[in-house]
Amino acid sequence: MKHRGSTLKALLLVSTSALPLMASADDALCEQKAAEVRAQREHAQAQGNAHRVEGLERALAAIEQDCSNESVLEDAREDVRERLADVQTRQAEFEQAMQSGDESDVRKRRLKLEEATLELEEDTEALNALTRQVEP
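So the working numbering is basically just the index in the sequence shown, starting at one, shifted up by 1431.
Okay, here's the thing in structure tokens:
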């Protein structure tokens, strides 16, 4: 039992030392993004993937140097724009397959369209969640 308590204290100390003492609303999204990269880095370290660790350390340095809530939101907006373009492309491909009458192609194109639509919905939900985090 004593070992577990000291382990929990050590875990709490390590996890809080990775965060700034006070994250302001001005950089809340950046801190969240940095925390996600730190978690990925720890996982890569545990897996012994030095190349991935190096890349994640560069990403973390870039976040710490250049990140703002607005840049995080703009990245999320860009993701939504890209997914919307994918959906539009998949829709056109599906319509073309429908015109050809090839049932196999229609099924394949429908699945691709559904997948792209789901990804658009996920990215849109992520953008909305980020926006809610920074709204007063």
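Glycine residues also receive a C-beta, built at the ideal position from the N, C-alpha and C atoms. Keep in mind it's a predicted model, so treat the numbers as computed, not measured.
- In this structure, DSSP gives Ser1535 a helical state, which the three-state scheme calls helix.
- Less than 8 Å divides the Cβ of Arg1540 from the Cβ of Ala1528.
- For Arg1563, the number of other beta carbons within 10 angstroms of its own is below 16, and it is reported as exposed.
- Taking 8 Å as the cut-off, the beta carbon of Leu1504 is found no closer than this to the beta carbon of Arg1469.
- The shortest CA-to-CA distance from Asp1517 to any of Asp1506, Asn1559, Glu1546 and Gly1532 is the one to Glu1546.
- For the set Asn1480, Leu1551, Pro1567 and Gln1471, the Cα lying nearest the Cα of Thr1520 is the one of Leu1551.
- When the Cα atoms are used, Arg1489 and Val1565 turn out to be separated by approximately 26 Å.
- If you draw a 10 Å sphere on the C-beta of Leu1561, you find 16 or more other C-beta atoms in it, and that means buried.
- The residues Leu1460 and Val1565, in chain order, have a CB closer than 6 Å to that of Asn1500 in the same chain once the five nearest residues on each side in sequence are set aside.
- Nearest to Leu1544 by alpha-carbon distance, out of Leu1515, Asp1533 and Gln1476, is Leu1515.
- Annotated three-state conformation of Cys1461 is helix, per DSSP.
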